Amino acid sequence: VVTSFGFRLHRVGPTVYGGMLIYQGDSFHTVVPEAIKLMEKSPDELFLPIVLSTAPPAPFLPREMHGNKMIVIVGGYMGDPKQGEQVVLPFKHLDKFKVDMMAPIPYLSLQSLPNEFNPL
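Its first residue numbered 7, the sequence shown is counted upward by one per residue in the numbering used here.
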């Protein structure tokens with residue numbers, strides 16, 4: 007039984023550099039290992055989880071991706087957005103990506119991005 011816990015808050019935003027990079031699923035063996043290597047060298051302010059999913063019929067995805075496997079790198083840089091753009095740049099060159107939705111974005115909007123793939 008847990009009766010208490012302590013945690014430390016960190017100020018973030020209001021604007022961060024974040025969003026999604028979406029690759030075709032057949033790029034898995036290129037994108038994922040290279041993304042892991044880049045993350046190992048990245049600053050602590052960067053978080054970019056990798057999501058493997060089936061592409062929904064969303065308007066921001068090319069029609070040919072709908073219903074096919076995709077790799078989504080979603081997240082952001084929790085420091086200066088201009089620095090974040092430079093930190094994220096190598097992730098845009100892992101393979102030929104289909105969708106680049108990385109930009110300065112309100113932190114609260116970044117937190118709702120996964121809802122596009124999990125509407126429940």
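Ideal Cβ positions, reconstructed from N, Cα and C, are used throughout, including at glycine.
Note that this is a predicted model, so its numbers are computed, not measured.
Best match in I28, E46, P20 for proximity to P62 [C-alpha to C-alpha]: I28
Please give the ranges of any beta strand (DSSP E) in the stretch 7-44, keeping only runs that are unbroken, at least 3 residues long and fully inside the region. 21-30
Does DSSP classify D101 as helix, strand or coil? coil
What does a CB cutoff of less than 8 Å around V5 pick up in its chain, not counting 5 residues either side in sequence? Nothing in the structure corresponds to residue 5, since the chain is present only between 7 and 126.
For the pair the stretch 74-83 and the stretch 11-25, tell me if three or more CB-CB distances fall below 8 Å. yes
Taking the CB atoms as reference points, tell me whether V37 and I77 lie closer together than 8 Å. yes
Three or more C-beta pairs below 8 Å linking the stretch 64-73 and the stretch 35-50: no
S48, DSSP secondary structure in three states: coil
Per the DSSP calculation, D106 is bridged to which residue(s)? L27
Presumed contact (8 Å Cβ cut-off) between A41 and L100, rounded CB distance: 6 Å
In the structure shown, what three-state DSSP assignment does M84 receive? coil
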